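Q: Quick one: the structure is below, and I'll ask about it shortly.
In this note's numbering, the protein residues as written are 5 to 105.
Below you can see the structure in the form of structure tokens.
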């Protein structure tokens, strides 16, 4: 899923809706990849939304990846200590697969 524009207070709910819809439409998906190449500014609400999406994906046994992280997002993630948490490849686990069924 490609992210474009800013991810902030005004756009976060739309992103959550789009991700939820995509996961419902592809309920057997094993990976959620968010392409950040066209992502603009990310504020604290945007970061919170990325963390929420990550948490949901991992709980549902779906691998999570942020692709093409630009320098602005990378700096935000590093400053907040969330870079490794959100950027590291998260693959489904056996325990999560059991939860998902």
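Glycine residues also receive a C-beta, built at the ideal position from the N, C-alpha and C atoms.
Treat the numbers as computed from the prediction; the structure is a model and nothing was measured.
Of all the options 34, 15, 71, which has the alpha carbon lying nearest to the alpha carbon of residue 47?
A: Checked all of 34, 15, 71; the closest Cα to residue 47 is 15.
Q: Can you tell me where the alpha helix (DSSP H) holding residue 82 begins and where it ends?
A: First-last of the alpha helix (DSSP H) with residue 82: 75 to 83.
Q: Check for me: the beta strand (DSSP E) holding residue 10 runs from which residue to which?
A: Residues 6 to 11.
Q: Going by C-alpha distance, which of 18, 25, 54, 30 is nearest residue 87?
A: Considering only alpha carbons, the answer is 54.
Q: Identify whether residue 88 lies in helix, strand or coil by the three-state DSSP scheme.
A: Three-state DSSP puts residue 88 in a helix.
Q: Nearest-angstrom Cα distance between residue 85 and residue 63?
A: Their backbone Cα atoms lie some 21 Å apart in a straight line.
Q: Report the option in 92, 80, 89 whose CA atom is closest to the CA atom of residue 11.
A: It is 80.
Q: Is the beta carbon of residue 57 closer than 8 Å to that of residue 35?
A: Against a cut-off of 8 Å, the Cβ pair of residue 57 and residue 35 comes out as no contact.
Q: Quickly, what does DSSP pair residue 37 with across the bridge? List them, please.
A: BP columns for residue 37 point to 69.
Q: Can you tell me whether residue 61 is buried or exposed, with buried defined as 16 or more other CB within 10 angstroms of its CB?
A: That one is buried.
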